[in-house]
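Peer 1: Once you've had a glance at the structure underneath, I'll fire off some questions.
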Amino acid sequence: MVRPNDEVEALLQEYADLIAITGGEAFKARAYEKAARAIGGYPADVSHLDAAGLKEIPGVGTSIAEKVVEYLRTGHVTVVDERRARIPAGVRQLITIPTLGPKKAMALYENLHISSVNELADAITAEKLRDLRGFGEKTEENILHGIALMRQSRGRILLSTAMEAAEDVVAELSRIPGCEHCAYAGSLRRMKETVGDIDVLVAARRSAPFMDALTELPSTAEVIVHGGKKTSVRTAEGVQVDLRVVRPDAWGAGMQYFTGSKAHNIRTRTIAVHLGLKLSEYGLFDADGGERVASRSEDEVYARLGLPWIPPTLREDRGEIEAGLRGELPRVVTERDIRGDLHTHTDLTDGLTPLEEMVAAAAGRGYAYYAVTDHAPNLYMQRMTDEKILAQRERVRSLDGRHHGMRLLHGTELNIGPGGEVDWPDAFLQGFDLCVAAVHSHFNVGRRAMTRRLVRACENPRVNVIGHPTTRLLGKRPGVDADLDEVFAACARTGTALEINAQPDRLDLGDEDILRAKDHGARFAVDTDAHSIPQLAYLRYGVGTAQRGWLTPDDVINTWPLRRLRRFLRKDRTD
DNA sequence: TTTCAATCGAAAATTAAACCTGCGTTTAA
1 MVRPNDEVEA
11 LLQEYADLIA
21 ITGGEAFKAR
31 AYEKAARAIG
41 GYPADVSHLD
51 AAGLKEIPGV
61 GTSIAEKVVE
71 YLRTGHVTVV
81 DERRARIPAG
91 VRQLITIPTL
101 GPKKAMALYE
111 NLHISSVNEL
121 ADAITAEKLR
131 DLRGFGEKTE
141 ENILHGIALM
151 RQSRGRILLS
161 TAMEAAEDVV
171 AELSRIPGCE
181 HCAYAGSLRR
191 MKETVGDIDV
201 LVAARRSAPF
211 MDALTELPST
221 AEVIVHGGKK
231 TSVRTAEGVQ
241 VDLRVVRPDA
251 WGAGMQYFTG
261 SKAHNIRTRT
271 IAVHLGLKLS
281 EYGLFDADGG
291 ERVASRSEDE
301 VYARLGLPWI
311 PPTLREDRGE
321 IEAGLRGELP
331 RVVTERDIRG
341 DLHTHTDLTD
351 GLTPLEEMVA
361 AAAGRGYAYY
371 AVTDHAPNLY
381 MQRMTDEKIL
391 AQRERVRSLD
401 GRHHGMRLLH
411 GTELNIGPGG
421 EVDWPDAFLQ
431 GFDLCVAAVH
441 SHFNVGRRAM
451 TRRLVRACEN
461 PRVNVIGHPT
471 TRLLGKRPGV
481 DADLDEVFAA
491 CARTGTALEI
501 NAQPDRLDLG
511 DEDILRAKDH
521 GARFAVDTDA
531 HSIPQLAYLR
541 YGVGTAQRGW
551 LTPDDVINTW
561 PLRRLRRFLR
571 KDRTD
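Below, the structure written as structure tokens:
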């Protein structure tokens with residue numbers, strides 16, 4: 001479901017960008033940015049609020065509340081439209097390129113009339129940029145690098161974006177009479193970190209009502225194809241949705257086929273051939289007589305192939321077929337197995353929500369324990385002090401166990417400095433129940449230095465979790481260059497967990513690295529790094545990624561009972 | 001533009017690295 005809050009957040013962020021590009025009103029831009037974030041992270045639905053209710057949200061005053069009301073009522077905000085008319089959308093696109101901010105984007109537009117990423121790439125090739133004041137060779141290089149990364153991920157969208165759009169479509173289509181099943185399939189069901197397009201499958205006798213309904217959904221911006229077998233549309237956010245309607249008795253075969261992956265399906269089809277069968281999206285058939293032997297459910301199809309049902313997150317032909325044939329498929333970790341979140345923030349640093357509210361929301365999710373891990377002083381922008389974190393500890397202790405017995409852990413997110421050092425001296429760190437440590441800057445220290453840096457952090461007896469280990473940002477920044485095998489081995493050796501950060505633009509570690517780390521015997525923590533209440537629900541993306549890495553509950557420390565977790569957090573120390 | 005404290009107006013999130021240019025601007029965490 002695309003939350004109205006997210007829509008408003010996007011609108012205010014766009015306005016903030018436009019103000020920043022036009023220049024001269026830095027505080028105004030910052031105010032809109034802050035309000036955008038606050039609304040995105042606000043737990044209640046803003047579309048149910050009036051101006052007075054909106055002003056309750058911190059960072060939202062008279063002026064912004066008015067604009068939000070205008071947007072919710074009319075779908076437009078006059079002043080935003082005015083700015084849009086002055087600055088082409090392509091110029092705003094430019095500032096999504098890393099190292100290219102609002103000032104440079106405006107300079108490019110004013111001096112060279114560049115208003116799209118493609119035009120920018122051409123201008124660099126034509127060596128037009130270097131004559132511009134403030135631009136040089138290195139800037140050109142950085143911009144080109146940013147554009148290349150962008151193009152690599154072009155057309156692919158974040159898992160969370162796809163999931164929200166897909167759940168919307170599935171909910172709408174499920175309501176139509178005659179719908180026996182409706183679900184999304186494809187790489188989305190396999191929980192890949194990015195998704196090309198969304199495949200939705202319906203089981204029904206007649207296809208037309210569903211095909212028509214898809215083209216008429218409010219979220220549909222453009223109809224690409226519209227037929228009886230397949231309909232494709234594009235949503236306002238540019239996501240392509242493909243819909244197929246299958247006969248109810250072919251539901252299982254359809255889901256199996258459209259879930260993929262291609263490599264997995266090649267294997268299942270080969271197995272079918274060896275058994276004298278033929279597998280297609282319509283069912284599993286006898287190769288000779290042509291009669292259908294299985295198709296109603298995935299379970300039935302897999303069973304007839306001599307396989308157990310295989311979780312979609314494993315269907316990548318990475319050994320799941322062999323494991324299934326041997327009866328040794330892993331019992332992958334699920335959201336229900338997670339007993340607590342070990343990396344979260346509050347408004348003491350860059351979170352949006354006060355401690356008490358985050359804790360109450362966590363308890364509402366049924367957690368047995370929950371860690372609060374605000375930033376430490378070395379991330380200067382957060383202005384953390386010893387006094388502040390100790391005062392927070394008192395508040396955490398007083399809330400401990402107050403929500404149906406949920407236990408609270410007081411932690412912190414340390415910054416791993418260029419040489420692997422962290423914020424506080426050992427004596428001070430001793431006071432925390434757990435420490436997450438992560439790299440936040442100095443990404444280009446070189447492979448050897450980066451490896452040493454991460455290994456040193458693991459060797460710190462107070463560091464329990466390496467947060468977002470590669471620090472990648474999907475489509476924006478590659479992971480750091482380090483010998484990850486060495487880091488994973490150090491994690492296993494020292495009893496330091498690797499985080500699977502569930503923020504949709506991170507999903508860090510990613511599936512392939514998880515598989516390698518597991519081989520080294522490392523443990524993992526699936527955490528949300530939540531900065532607001534809605535972000536606590538990102539957990540599902542972290543769990544999906546963990547499944548893609550074949551992790552079982554035993555591999556994931558925050559599925560463990562608190563006693564076992566505490567033992568792990570001691571890292572064999574005796575104090 | 002918001003917030004806070006005062007009733008109109010001032011202050012607001014810091015630091016460092018990178019880059020371009022020759023000391024200052026831009027970006028990003």
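Quick note: the first sequence uses UniProt numbering, first residue 1, plus one each step.
Heads up, the beta-carbon is just placed ideally off N, CA and C, and yes, glycines get one too.
#1: What would DSSP say about L498, mapped onto helix, strand or coil?
#2: Please report the straight-line C-alpha distance between E486 and D511, rounded to a whole angstrom.
#3: Skipping 5 residues on each side, what residues in its chain have a beta carbon closer than 7 Å to that of K28?
#4: Could you tell me whether the Cβ atoms of L214 and G146 are closer together than 8 Å?
#5: I'd like to check one pair, L509 with P469: are the Cβ atoms closer than 8 Å?
#6: With 16 other CB atoms within 10 Å as the buried threshold, where does N5 fall?
#7: For Q503, which of helix, strand or coil comes out of DSSP?
#8: Under 8 Å between the Cβ atoms of E499 and A525?
#9: With a 10 Å radius around its C-beta and 16 neighbouring C-beta atoms as the bar for buried, classify H48 as buried or exposed.
#10: So the beta strand (DSSP E) F443 belongs to, where does it begin and stop?
#11: Can you list, in chain order, the residues of its chain whose CB lies under 8 Å from that of L159, leaving out five sequence neighbours each side?
#12: What does DSSP give as the partner residue(s) for K278 in the beta ladder?
#13: Helix, strand or coil for F568? Go by DSSP, reduced to three states.
#14: Using beta-carbon positions only, say whether E413 and D374 come within less than 8 Å of one another.
#15: Between which two residues does the beta strand (DSSP E) harbouring F524 extend?
#16: Suppose the cutoff is 7 Å on Cβ atoms and the five residues either side in sequence are ignored; what does the same chain contact list for K388 look like?
#17: Determine the DSSP secondary structure at E413, reduced to helix, strand or coil.
#18: Taking only runs of the alpha helix (DSSP H) that begin and end inside the region 122-191, which ones reach a length of at least 4 residues, in chain order?
#19: In or out: Q535 buried (at least 16 other Cβ within 10 Å) or exposed?
#20: K230 by DSSP, collapsed to three states: which one?
#21: Taking K230 as the reference, give the member of G521, A236, V239 and V245 with the closest Cα.
#22: Could you check the C-alpha separation between I321 and Y42 for me, to the nearest Å?
#23: Please report the distance separating the alpha-carbon of T334 from that of G283.
#24: What three-state label does DSSP hand A492 in the structure shown?
#25: Measure how close the beta-carbons of A376 and T344 come, nearest whole angstrom, since I'm counting them as under 8 Å.
#26: Going by C-alpha to C-alpha distance, which of V117, P248 and R397 sits closest to T96?
#27: Please state whether DSSP places V77 in a helix, a strand or coil.
#28: Ordered along the chain, which non-local residues of its own chain (more than five positions away) have a Cβ less than 7 Å from that of H531?
#29: So for Q240, helix, strand or coil by DSSP?
#30: Could you work out which residue in E167, D197, R336 and G411 is closest to R156 when comparing CA atoms only?
#31: Can you give me the C-alpha to C-alpha distance between N464 and D555, rounded to a whole angstrom?
#32: Ordered along the chain, which non-local residues of its own chain (more than five positions away) have a Cβ less than 8 Å from that of V332?
#33: Thinking W51 and V69 are a contact (beta carbons under 8 Å), I'd like their distance in whole angstroms, please.
#34: Would you please state the rounded distance, in angstroms, between the beta carbons of A236 and A221? I believe it to be under 8 Å.
#35: Please determine, among R206, G420 and R3, the residue with the shortest C-alpha to C-alpha distance to E180.
#36: Per DSSP, what are the beta-bridge partners of Y369 in this structure?
Peer 2: This is what the structure gives:
#1: strand
#2: 18 Å
#3: I19
#4: no
#5: Against a cut-off of 8 Å, the Cβ pair of L509 and P469 comes out as a contact.
#6: Buried, because 16 or more other Cβ atoms sit within 10 Å of the Cβ of N5.
#7: Q503 falls in the coil class under three-state DSSP.
#8: Inclusion of E499 and A525 in the CB contact set at 8 Å is warranted, their separation being smaller than that value.
#9: So H48 ends up on the exposed side.
#10: Where F443 is concerned, there is no enclosing beta strand (DSSP E), given that its DSSP letter is neither H nor E.
#11: L188, M191, K192, E193, T194, V195, P504, L507, Y541 and G544
#12: F285
#13: helix
#14: yes
#15: F524 to D527
#16: In chain order, L348 place their CB closer than 7 Å to the CB of K388, counting only its own chain and leaving out the 5 sequence neighbours on each side.
#17: Of the three classes helix, strand and coil, the one that applies to E413 here is strand, per DSSP.
#18: You should have 137-152, 159-174 and 186-189.
#19: buried
#20: Of the three classes helix, strand and coil, the one that applies to K230 here is strand, per DSSP.
#21: V245
#22: 44 Å
#23: 29 Å
#24: Here A492 sits in helix by DSSP.
#25: Contact flag wrong, Cβ pair sits at about 15 Å.
#26: V117
#27: coil
#28: G41, H345, D350, G351 and L352.
#29: strand
#30: D197
#31: 15 Å
#32: P311, T313, L314, A546, Q547, W550, L551 and T552
#33: Just to set this straight, residue 51 is Ala in the shown sequence, not Trp. Yes, they are in contact, since the Cβ atoms of A51 and V69 sit about 5 Å apart, within 8 Å.
#34: With 8 Å as the limit, A236 and A221 qualify as a contact, their Cβ atoms being about 4 Å apart.
#35: R206
#36: G340 and R407
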